[in-house]
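Line by line, the protein sequences are chains A and H.
The numbering used here runs 1325 ahead of the 1-based position in the first sequence.
The numbering used here runs 1325 ahead of the 1-based position in the second sequence.
Virtual Cβ for every residue (Gly too), placed ideally from N, Cα, C.
The model shown is predicted, which means the values in this text are computed figures rather than measured ones.
Report on one structure; see the data block that follows.
There are 2 protein chains.
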Amino acid sequence: MTDEFPLDWESIVREQPALDVIPGRLRSIARVLRFAAGQTLYRRGEPPRAMLCVLAGEIRLVRRSAGGAEIIVQRSRGGFVAEASMGSKVYHCDVLAATDGRLLRFPMHAFRQALDSDAGFRSLWIARLADEVRKVRAQNERLNLHGAAERILHYLEAEAADGALTLTHSRKAWAAELGLTHEALYRTLARLSREGIVTVEGAVIRIRRA
Amino acid sequence: MTDEFPLDWESIVREQPALDVIPGRLRSIARVLRFAAGQTLYRRGEPPRAMLCVLAGEIRLVRRSAGGAEIIVQRSRGGFVAEASMGSKVYHCDVLAATDGRLLRFPMHAFRQALDSDAGFRSLWIARLADEVRKVRAQNERLNLHGAAERILHYLEAEAADGALTLTHSRKAWAAELGLTHEALYRTLARLSREGIVTVEGAVIRIRRA
DNA sequence: GCCTCGGTATGATCCGGATCACATGACCAA
DNA sequence: TTGGTCATGTGATCCGGATCATACCGAGGC
Chain A
1326 MTDEFPLDWE
1336 SIVREQPALD
1346 VIPGRLRSIA
1356 RVLRFAAGQT
1366 LYRRGEPPRA
1376 MLCVLAGEIR
1386 LVRRSAGGAE
1396 IIVQRSRGGF
1406 VAEASMGSKV
1416 YHCDVLAATD
1426 GRLLRFPMHA
1436 FRQALDSDAG
1446 FRSLWIARLA
1456 DEVRKVRAQN
1466 ERLNLHGAAE
1476 RILHYLEAEA
1486 ADGALTLTHS
1496 RKAWAAELGL
1506 THEALYRTLA
1516 RLSREGIVTV
1526 EGAVIRIRRA
Chain H
1326 MTDEFPLDWE
1336 SIVREQPALD
1346 VIPGRLRSIA
1356 RVLRFAAGQT
1366 LYRRGEPPRA
1376 MLCVLAGEIR
1386 LVRRSAGGAE
1396 IIVQRSRGGF
1406 VAEASMGSKV
1416 YHCDVLAATD
1426 GRLLRFPMHA
1436 FRQALDSDAG
1446 FRSLWIARLA
1456 DEVRKVRAQN
1466 ERLNLHGAAE
1476 RILHYLEAEA
1486 ADGALTLTHS
1496 RKAWAAELGL
1506 THEALYRTLA
1516 RLSREGIVTV
1526 EGAVIRIRRA
């Protein structure tokens, strides 16, 4: 719950590139919030008073049903959360911390006002939202594929530049993103490699043929 | 490729609710484009000259790799397509028609200008994008679940009002949205019904307990 | 030093959803 | 009327990914 002053925006943007669209006046009023695993940050029904951007750790938007079932509506391990909360009177989900971590809070009214008055920020924000839609829709198409190899190749084709992809996270994390167990990922990657379809050199993966 | 004048916006908004955010001046310059299955609408590398909104049929954004593989980056059976194309110089995908259908074209420069000059439209557009992000992320969480029952219940919990959901499309379409075969959906729905977890009355599905 | 924890990696087994097959009914057109 | 198409269902089989188990390694803590 501590704030460091002044915030080191250079390193913040490095750890969370989505934040580079934020204009100076918002940067100066942003506050760091540290959270602990299991903590409830906001509850359903409360008015959203801040835009949130996860810097480290995992935040979940959770909806609890009357029957007591708990479903995860959104999970974030980095980047803005609940962008739609800007337009709504109250949260429609609980906001929970799944791990220890840190997030950035921007006062909602200032965020809204910045969007209204700053045309540059506005178009960057629209572009960021549109790009997020694009990325998540691609992720969606990928998850609709059955078969580990298809998902891996879809990821490579969609994300690789010139047929070469450099993994930035661990393979376990990649497996989770692909909706696979890490075992299935290791095995399928090994098979694709044996069959000459891809080459694997550490974190760099290349497609040879599809 | 025919245009009807004047466009009947009342019925258009009824068939595609996302369009209700469009202001009058854009409505008056929108044109209907009819497309045929297999048709290539735009090619990678071309500058995007219009915002597209699918009214009927299926449009796909397809990326072809050097190896000849073809992956679907986005599929749309209704609603805006390639919102991120507004911010980019050229299309990064081919735009193909998967079926016969109709879409609405808005000249890109007019769309951009309307966003710039019309504060009301602008906030509606931002809200729509943010809501799209929310919906697609929820869809994502759902597809990350293994097991047909879990996906069905997640959908019910997330989309149902008061534990009751009225299906607007066919069950086959629902199955596809859930990333399941229709057989798996029918069977699991029947099992959940037998076990008293849900009740099914035609298009209305209710959760009893989870 | 030792010990734990997390990522990497592979083997064996099991199960659930994909697949194939088939029947029915609605609807539309020739 | 007939034939075709499509959504709705259900049954039988198969396969691939989940699951459980095990091992190795490197980093960090004590």
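Check                                                                                                                                                                             : Outcome
Which same chain residues, not among the five before or five after Phe1360/A, have their C-beta less than 8 Å away from its C-beta?                                               : Leu1366, Gly1382, Ile1384, Ala1422, Asp1425, Gly1426, Arg1427 and Leu1428
Do Val1420/H and Val1379/H have their C-beta atoms closer together than 8 Å?                                                                                                      : no
Just to make sure I have the definition right: I need the residues of chain H whose C-beta is within less than 8 Å of the C-beta of Asp1456/A. Which are they?                    : Ala1409 and Gly1412
Just the Cα atoms here: how many angstroms apart are Ala1375/A and Ala1343/H?                                                                                                     : 27 Å
How long is the line joining the alpha carbons of Thr1327/H and Ile1337/H, rounded to whole angstroms?                                                                            : Residue placement at Thr1327/H cannot be trusted, given a pLDDT of 48 that sits under 50; the coordinates are not used to answer.
Mind checking Pro1372/H: buried by the 16 CB within 10 Å criterion, or exposed?                                                                                                   : exposed
Is it the case that the Cβ atoms of Leu1454/H and Glu1408/H are separated by a distance below 8 Å?                                                                                : yes
Can you tell me whether Glu1383/H is helix, strand or coil according to DSSP?                                                                                                     : coil
Note down the Cα distance separating Gly1363/A from Tyr1416/A, rounded to an integer number of angstroms.                                                                         : 18 Å
What residues from chain H crowd round Glu1383/A, counting only those whose CB sits closer than 8 Å?                                                                              : Those within 8 Å of Glu1383/A in chain H number zero; the least Cβ separation is about 13 Å.
Mind pulling the chain H residues with CB within less than 9 Å of Asp1441/A?                                                                                                      : Ala1444, Arg1447 and Ser1448
Should Ile1530/A be flagged as near chain H, meaning a C-beta pair shorter than 8 Å?                                                                                              : no
If the criterion is Cβ atoms closer than 8 Å, does the pair Ala1485/H and Ala1463/H meet it?                                                                                      : no
Unbroken alpha helix (DSSP H) runs of length 4 or more, entirely within the segment 1327-1355 of chain H: which are they?                                                         : 1334-1340 and 1349-1354
Against chain H, which members of the segment 1503-1531 of chain A pass a CB distance test of less than 8 Å?                                                                      : Gly1504
At which residue ranges does the segment 1395-1459 of chain H contain complete beta strand (DSSP E) runs of 3 or more residues, listed in the order of the chain?                 : 1395-1401, 1404-1406, 1419-1422 and 1426-1432
For Thr1491/A, count neighbouring C-beta atoms within 10 Å of its own C-beta (all shown protein chains included) and say buried if the count is 16 or more, exposed if not.       : exposed
Measuring CB to CB, does Arg1430/H end up less than 8 Å from Leu1377/H?                                                                                                           : yes
Tell me whether the beta-carbon of Ile1283/A lies closer than 8 Å to the beta-carbon of Leu1503/A.                                                                                : Absent from the structure is residue 1283/A, since the part of chain A shown begins at 1326 and ends at 1535.
Quick one: using the 10 Å Cβ neighbour count with 16 as the cut-off for buried, is Ile1354/A buried or exposed?                                                                   : exposed
Can you pull the chain A residues whose beta carbon is under 8 Å from the beta carbon of Ala1483/H, in chain order?                                                               : Arg1388, Ile1396 and Val1398
Note down, in chain order, each residue of its chain lying with its Cβ closer than 6 Å to the Cβ of Leu1332/A, except the 5 sequence neighbours on either side.                   : none
From Val1525/A to Ser1518/A, what does the alpha carbon distance come to, in whole angstroms?                                                                                     : 7 Å
Could you check the C-alpha separation between Glu1457/H and Ala1439/H for me, to the nearest Å?                                                                                  : 20 Å
So who's on the other strand from Tyr1367/H, going by DSSP bridges?                                                                                                               : Val1420/H
Give me, in chain order, the residues of the same chain whose beta-carbon lies closer than 7 Å to that of Trp1334/H; leave out the 5 immediate sequence neighbours on both sides. : Arg1352
Ordered along the chain, which non-local residues of its own chain (more than five positions away) have a Cβ less than 8 Å from that of Arg1447/H?                                : Leu1440 and Asp1441
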